Structures are given as structure tokens and as C-alpha cells.
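> In my numbering, the protein residues as written are 38 to 141.
Ideal Cβ positions, reconstructed from N, Cα and C, are used throughout, including at glycine.
This one's a predicted model, so the numbers in the text were calculated from it and none came from an experiment.
#1: Inspect the beta-carbon positions of residue 69 and residue 107 and report whether they are closer than 7 Å.
#2: Compare the C-alpha of residue 139 against each of 41, 73 and 119 and name the closest.
#3: Please classify residue 100 as buried or exposed, where buried requires at least 16 neighbouring CB atoms within 10 angstroms.
#4: By Cβ distance, which residues of its chain are closer than 6 Å to residue 123, with the 5 residues on each side in sequence left out?
#5: Compute the beta-carbon to beta-carbon distance between residue 29 and residue 126, rounded to the nearest angstrom, for a pair I have assumed lies under 8 Å.
#6: So, for residue 85: in the same chain, excluding its five sequence neighbours on each side, which residues have a beta-carbon less than 6 Å away from its beta-carbon?
#7: With burial defined as no fewer than 16 other Cβ atoms inside 10 Å of the residue's Cβ, what is the status of residue 111: buried or exposed?
#8: Does residue 124 come out as helix, strand or coil in the three-state DSSP assignment?
#9: Looking at C-alpha atoms only, which residue of 114, 90, 74 and 61 is the closest neighbour of residue 130?
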């Protein structure tokens, strides 16, 4: 009986430990995504010219982003002045990247 309860206890501890690690990794991944999105907002709101920017430090994470002038698409006046932002958020060993195209 003692062996059975010991096995159940060890299994329960292992399951709870794995859930805790998984939750921590998901939290870091979400924070890195929000940092990457913040980089896009910085580029658009500050009307950054084409080039590499960063690292910006926010809290315990960093942001790098690249602004690229795509130019005109399809020779259509509606598709002039198109830019692309590639923003990467880093926190710990986790990084997430967001790519956005927008019109100025």
C-alpha cells in the first residue's frame, strides 16, 4: 500500500512540475510577442525612415526592428508609399517576430 501511494505522489509532483514549466514558457512567449508588437507600434507612430533600429529595452526584454520601403505596388494610386516593419521581441531565451506592411 505504501508503494502504491508513493507512486501516486511522485506522479502527481511530476505532473504539477511540468505544468508549471509549460506555463512559464507560455508567459515568456506572450511577453515576447507583445514586445514585437510594440516595436511595430514604435515604427509606425514615430514614422521611422527605412533602416535598422534597436535594441530598445522595455522591462526585462528587448526589441529590434527593421523598416523597409516597399514602394508602389501594382501601379495603383491606392498602393503607394507602402512600408514593411519586421519587429522581433526578445525576453530571456524566447523571441517572437511580427511582420507588418502598412501605408503611410
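Quick look at the numbers:
#1: Taking the first residue of the chain shown as 1, we reach residue 69 at position 32. Taking the first residue of the chain shown as 1, we reach residue 107 at position 70. Contact: no.
#2: Mapped onto the chain shown, residue 139 falls at position 102. The candidate whose alpha carbon is nearest that of residue 139 is 119.
#3: Taking the chain shown and counting its residues from 1, the one referred to as residue 100 is at position 63. Per the 10 Å Cβ criterion, buried.
#4: Reading the chain shown from its first residue, position 86 is the one you call residue 123. These residues qualify, in order along the chain: 103 and 136.
#5: Absent from the structure is residue 29, since the part of the chain shown begins at 38 and ends at 141.
#6: Looking up residue 85 in the chain shown gives position 48. Counting only Cβ-Cβ distances below 6 Å, and skipping sequence neighbours, we find 104.
#7: As a position in the chain shown, residue 111 is number 74, starting the count at 1. Label assigned to residue 111: exposed.
#8: For the purposes of this step, residue 124 is identified with residue 87 of the chain shown, where counting begins at 1. DSSP places residue 124 in strand when its eight states are reduced to three.
#9: If you number the chain shown from 1, residue 130 lands on position 93. Relative to the Cα of residue 130, the nearest Cα in the group 114, 90, 74 and 61 belongs to 61.
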